[in-house]
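Please read the structure below before turning to the comments.
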Amino acid sequence: MSVETTSRTVQPIPRDALVYVAGHRGLVGSAIWRRLQAAGFTNLLGVTSAELDLRERDSVSDFFQQHKPQAVVLAAAKVGGILANDTYPVDFLSDNLRIQLNVMDAARSVGVQRLLFLGSSCIYPKFAEQPIVEDALLTGHLEPTNDAYAIAKIAGIQQVQAVRKQDGLPWISAMPTNLYGPGDNFSPQGSHVLPALIRRFEQARIDGTPSVTNWGTGTPRREFLHVDDMADACLHLLDHYDGGQQVNVGTGKDITIAELSDLIAAAVGYTGEVQWDTTKPDGTPQKLLDVSKLNAAGWQHAITLEEGLRSTVTWYREHRDDLRA
Ligand SMILES: NC(=O)c1ccc[n+]([C@@H]2O[C@H](COP(=O)([O-])OP(=O)(O)OC[C@H]3O[C@@H](n4cnc5c(N)ncnc54)[C@H](OP(=O)(O)O)[C@@H]3O)[C@@H](O)[C@H]2O)c1
């Protein structure tokens with residue numbers, strides 16, 4: 004399908020509009036919920052997966068018929084780290100396709116005007132030129148450990164574009180880089196690199212462990228965005244952006260994993276030694292999004308990594324006993 008690469012002008016969403024945030028308890032959804040509240044939205048709708056399993060088509064359809072939201076943020080997804088993605092590809096493909104299809108079909112059936120679909124930077128080819136521009140989509144092979152998840156997300160982008168083309172509705176897609184912040188997954192099985200390092204260094208500090216060993220060489224470069232910045236970008240796009248092409252959401256800056264490890268050790272107050280187990284895999288050498296499109300749409304990130312890490316460590320300490328599994 005051809006993609007419109009230009010954007011039109013939309014009006015900001017009225018603050019009394021009924022906005023359904025799918026996945027409002029997750030890392031991304033909860034940040035968006037907080038941001039919408041702070042922006043004065045008075046009519047937010049959120050239900051848990053126990054109350055409404057978005058994989059169940061009829062229930063989703065009934066929910067939309069009952070509430071008829073005016074805007075939808077689709078931040079519900081089956082999300083996981085490399086191990087989970089690699090072990091359960093059917094679940095990641097099937098659950099995510101079903102969630103997206105059910106929500107978007109139901110939203111279409113009640114004429115939802117604004118919908119923001121959230122994907123992730125894993126939609127881009129494994130060997131995409133860095134920094135990765137939006138046009139890199141579908142130009143090469145995906146990273147095989149999470150290709151099932153990526154294909155589901157690419158289908159979601161395509162669905163948004165198809166609805167735009169067929170129905171003329173100003174739906175949009177955003178692709179955030181690696182996110183972190185309050186509400187992140189710190190579990191040993193499911194966590195991404197940043198929360199995993201916070202957990203490891205904090206435990207080592209508490210136990211007085213003289214040295215910590217991280218996986219790999221520490222040389223891969225990655226980009227990290229605080230989830231509150233991401234939520235701010237999402238609101239900005241919902242209020243001002245109307246284009247068919249997905250929009251990268253990031254800082255446009257990357258650091259090595261070794262630099263990240265040092266920043267986290269400092270934020271936690273761990274003063275022991277850091278070693279690197281170079282027998283473990285590094286993953287792709289660099290992953291950085293080109294965010295010029297987002298910048299041109301009038302948005303830039305505000306929270307520095309040092310600042311964001313400090314507040315995330317504080318949050319982690321306050322919530323260590325009630326963290327998600
Ligand atoms: N985390 C990142 O670094 C990152 C980076 C880029 C993009 N993203 C994207 O942002 C989106 C959300 O990610 P996240 O990190 O916020 O994930 P998360 O913290 O795991 O939250 C996922 C949410 O989805 C809901 N959910 C999952 N399966 C569901 C189902 N069958 N029915 C209803 N709700 C369901 C969960 O609801 P309950 O809590 O009620 O169970 C949960 O609130 C994803 O599309 C992801 O690709 C995340």
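Last residue of the sequence shown? That's 328 in our numbering, and every number before it is there in order.
C-beta: ideal position from N, C-alpha, C; glycine also.
Keep in mind it's a predicted model, so treat the numbers as computed, not measured.
Neighbourhood of residue i by C-beta, 8 Å cutoff - its chain only, sequence neighbours within 5 removed
| i | result |
| --- | --- |
| Ser194 | Gly84, Asp187, Asn188, Arg202 |
| Arg167 | Glu7, Pro173, Trp174, Gly247 |
| Ala139 | Tyr127, Pro128, Ala131, Glu132 |
| Thr212 | Gln206, Gly275 |
| Thr142 | Pro128, Ala131 |
| Val31 | Ala78, Leu121, Pro179, Leu182, Val230, Met233, Ala234 |
Cβ neighbours of residue i in the same chain (closer than 7 Å, five flanking residues each side left out)
| i | result |
| --- | --- |
| Gly286 | Pro223 |
| Arg28 | Thr51 |
| Gly122 | Lys156, Gly159, Ile160, Ser176, Met178, Gln249 |
| Leu100 | Ala155, Ala158 |
| Phe44 | Arg18, Val22 |
| Pro92 | Ala151 |
| Lys283 | Trp218, Gly219 |
| Glu309 | Leu266 |
| Asp210 | none |
| His144 | Pro128, Lys129 |
| Ser264 | Leu200, Asn217, Gly221, Val277 |
| Ala110 | Phe67, Val75, Leu118 |
Whether residue i touches residue j by CB criterion (9 Å)
| i | j | result |
| --- | --- | --- |
| Phe120 | Gln73 | no |
| Gly255 | Glu226 | yes |
| Ser124 | Pro179 | yes |
| Asn344 | Gln278 | Because residue 344 is not part of the residues shown, which for the chain are 4 to 328, the question remains open. |
| Asp108 | Arg60 | yes |
| Lys71 | Val106 | no |
| Leu238 | Leu21 | no |
| Ala236 | Leu297 | yes |
| Ala78 | Ala25 | yes |
| Gln69 | Glu137 | no |
| Val115 | Phe66 | no |
| Asp293 | Ile135 | yes |
| Ile16 | Leu241 | yes |
| His229 | Leu182 | yes |
| Phe204 | Ala268 | yes |
| Asn88 | Asn149 | yes |
| Asp271 | Arg208 | For the record, residue 271 in the displayed sequence is Val; it is not Asp. A contact, by the Cβ cut-off of 9 Å. |
| Val337 | Asp245 | Absent from the structure is residue 337, since the part of the chain shown begins at 4 and ends at 328. |
| Thr220 | Thr317 | no |
| Lys81 | Asp56 | no |
| Leu312 | Gln192 | no |
| Ile102 | Arg37 | no |
Chain D within 9 Å of residue i, Cβ atoms only
| i | result |
| --- | --- |
| Gln103 | The structure shown contains no chain D; it holds only a single protein chain. |
Residues bridged to residue i [DSSP beta-bridge criterion]
| i | result |
| --- | --- |
| Tyr333 | For residue 333 there is no data in the structure shown, the boundaries of the chain being 4 and 328. |
| Thr259 | Arg224 |
| Ile135 | Leu292 |
| Tyr183 | His229 |
| Val250 | Ala177 |
| Thr216 | Gln278 |
| Phe120 | Leu77, Ser176 |
Unbroken beta strand (DSSP E) run spanning residue i, endpoints
| i | result |
| --- | --- |
| Gln278 | 276 to 280 |
| Asp176 | In the sequence on display, residue 176 carries Ser and not Asp. 175 to 179 is the extent of the beta strand (DSSP E) around Ser176. |
| Ser190 | Ser190 -> no beta strand (DSSP E), and no H or E assigned at all. |
| Leu140 | That residue, Leu140, is in no beta strand (DSSP E); it is neither H nor E in DSSP. |
| Leu57 | Per DSSP, Leu57 belongs to no beta strand (DSSP E) and is neither H nor E. |
Bounding residues of the alpha helix (DSSP H) (the contiguous stretch that carries residue i)
| i | result |
| --- | --- |
| Tyr319 | 308 to 322 |
| Tyr152 | 150 to 170 |
| Val113 | From DSSP, Val113 is part of no alpha helix (DSSP H); its letter is neither H nor E. |
| Thr287 | First-last for Thr287: undefined, no H or E at that position. |
| Leu30 | 30 to 41 |
| Ile85 | 85 to 90 |
Cutoff 6 Å; reference residue i; Cβ partners in own chain excluding five residues on either side
| i | result |
| --- | --- |
| Tyr319 | Ile201 |
| Val76 | Val24, Ile35, Leu119 |
| Glu262 | none |
| Ser214 | Gly275, Glu276, Gln278 |
| Ile260 | Gly221, Pro223 |
| Leu96 | Ala151, Ala155 |
Inter-stretch contact at 8 Å, needing at least 3 Cβ pairs: the stretch 301 to 316 / the stretch 249 to 266: Short answer: they touch.
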